[in-house]
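**Q** The structure is given below, and queries will be raised subsequently.
Right under this line is the structure:
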């Protein structure tokens with residue numbers, strides 16, 4: 466037979482379990498965001514490094530070689546962005562939804578802004594991933610431009626360098 470003191474202990478234990486689960490969701494979301502940021506920044510760095518090398522060394526490639534390199538770049542970009550990073554983003558959104566459910570269960574709403582309940586849904590206003598992806602997009606554009614318009618990139622580099 467459950468005594469009132471046993472029920473209080475069950476409630477405390479449940480709250481403790483929910484807090485631990487919530488903290489695990491927070492750690493998972495932090496880890497995913499950090500991984501996406503590192504991948505995008507490293508990609509941007511590598512893309513800019515290659516673009517700078519092309520402009521600096523004055524490497525000359527035939528038209529079909531440049532097209533082949535651009536297609537290889539775009540294929541790699543698509544694989545990383547729409548394969549790996551999309552999977553990470555969907556995992557992040559799933560973690561957000563679970564975190565919101567736990568926060569609701571713990572009674573953290575209404576003290577939290579009501580808009581936070583939309584985290585991980587299409588109504589959410591978070592733009593972290595799209596802003597981070599723009600770094601990769603910029604790097605790809607710069608590299609493709611340096612492949613096909615090396616002289617224009619060299620002129621730009623001289624202008625920026627002054």
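In the working numbering, the protein residues as written are 466 to 627. Just so you know, even glycine gets a beta-carbon here, dropped at the ideal spot from N, CA and C.
#1: How big is the Cα-Cα spacing for residue 527 and residue 543?
#2: If I measure Cβ to Cβ from residue 479 and keep anything under 8 Å in the same chain, skipping five residues before and after, which residues do I get?
#3: Looking at C-alpha atoms only, which residue of 515, 484, 496 is the closest neighbour of residue 607?
#4: Which two residues bound the contiguous alpha helix (DSSP H) that contains residue 584?
#5: Check whether the segment 544-563 touches the segment 501-511, taking contact to mean three or more Cβ pairs, one atom from each stretch, closer than 8 Å.
#6: Please state the DSSP three-state secondary structure of residue 594.
#7: Does the segment 481-497 come close enough to the segment 565-575 to have 3 or more Cβ pairs within less than 8 Å?
#8: Less than 7 Å separating the beta-carbons of residue 499 and residue 597?
#9: Measure from the alpha carbon of residue 476 to the alpha carbon of each residue in 571, 603, 579, then state which is nearest.
#10: Let me confirm a value: residue 558 is counted as buried when at least 16 other C-beta atoms fall within 10 Å, else exposed. Which label applies?
**A** Working from what's here:
#1: 24 Å
#2: none
#3: 515
#4: Looking at the DSSP string, residue 584 is not in any alpha helix (DSSP H), and its letter there is neither H nor E.
#5: yes
#6: helix
#7: yes
#8: no
#9: 571
#10: buried
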